[in-house]
Structures are given as C-alpha cells and as structure tokens.
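One structure is given here, and the rest of the page talks about it.
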Amino acid sequence: MMEREGPGKRSYYEVFRTIGTRWSDNDTYGHMNNVIHYSLFDTAVNGFLIESGVLDIKGGAEIFLVVETGCRYYAEMTFPDVVTAGIRVAKLGNSSVRYEIGLFRNDDETAAAEGFFIHVNIDRLSRRAVPFGHAVRRLLEPLLVTS
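Take 187 as the starting number for the sequence shown in my numbering and just add one per residue.
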C-alpha cells in the first residue's frame with residue numbers, strides 16, 4: 187500500500203482568501219461537513235477570479251465550469267473557525283486549469299484539508315471550450331507551481 191502524502195504548508199500556496207465558517211457548516215458529528223470543503227474551494231477560486239476582473243458571472247461571454255474535483259482531509263474544522271484558503275495552479279492548459287487549494291484552520295500553518303478542481307473555460311452561449319484570453323493567462327501564470 188502506498189503511503190499517503192501529508193498535508194501541505196501555507197508556504198506551498200501563492201494567493202490567500204479568508205472565509206468565515208457558519209453555524210450550518212457543522213454536521214451531526216460536531217465538525218464541518220465534507221461537502222462544505224468543496225464549497226470553500228469554489229468560493230475561494232471564483233471570488234479570486236471575480237475580484238481580479240477575469241470572471242463576470244452575470245454578463246461575461248465566457249464562464250468557468252468545474253469538470254473534476256477531489257479532496258483529502260487531514261484535520262477537523264468547525265464553526266466558528268476562520269478558514270484561509272491558499273490557491274495555486276498545478277497545470278495551465280489552453281482552455282483548462284487545475285487549481286490546488288489548501289484550507290487552513292485559524293492560524294494553523296498546516297492544511298486541515300487539501301483539494302483540487304479543474305475549471306474549463308466555456309463560451310456562455312455555445313457551451314463549448316474556448317482558449318483562455320490574455321487577462322486570464324496573466325492572472326494565472328504567476329500562480330503556476332512546479333512540484
């Protein structure tokens with residue numbers, strides 16, 4: 187059996203976003219339900235794209251759709267924790283990008299969970315993949331890591 191890789195550190199990530207937890211994030215076991223981790227990934231990345239001006243969710247000609255996702259859990263998080271999401275880019279293709287996201291509980295330096303998702307750049311009307319524009323590439327290329 188292969189040994190599982192341990193959690194990453196904050197220093198592994200390029201961009202950070204802080205997200206507060208909510209009372210409803212806790213499940214019957216008293217910790218954050220696993221589906222919330224995926225919501226935090228989505229919130230962190232899409233918030234970053236919107237604030238950077240490369241994603242207009244209401245009127246943009248192009249949108250990003252998630253085609254694959256995954257998560258590894260290392261430590262519990264719970265309300266009222268504050269989560270910092272670290273974002274990096276593992277692969278930047280012609281029309282797709284693989285983000286890796288680390289979720290850090292409060293001031294912890296080690297990730298409580300790490301995940302990924304792949305966005306594909308899609309024409310809003312045709313629903314077909316289209317190449318990234320220059321603005322998206324300028325934003326994402328500095329986040330590209332080699333490991």
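We put the beta carbon where it would ideally sit given N, CA and C, even for glycine.
Notebook entry, point to check: Between which two residues does the alpha helix (DSSP H) harbouring ASP228 extend?
Noted result: 220–237
Notebook entry, point to check: Going by alpha carbons, who is nearest to GLU262 out of ASN292, VAL253, ASN307, PRO317?
Noted result: ASN292
Item checked: Contact set for LEU329: own chain, Cβ-Cβ below 8 Å, skip 5 residues either direction -> GLU200, VAL201, ILE273, ARG274, VAL275
Margin query: Taking its Cβ as the centre, do 16 or more other Cβ atoms sit within 10 Å of TYR285, making it buried, or is it exposed?
Written below: buried
Checklist line | Simplified DSSP state of GLU300, which is helix, strand or coil | finding: strand
Checklist line | Proximity below 7 Å, CB of ARG310 to CB of ALA247 | finding: yes
Margin query: What would DSSP say about VAL283, mapped onto helix, strand or coil?
Written below: strand
Checklist line | For TYR260, the residue or residues it bridges with in DSSP | finding: Beta-bridge pairing links TYR260 to no other residue.
Check: Secondary structure at ALA271, three-state DSSP: helix, strand or coil?
Finding: strand
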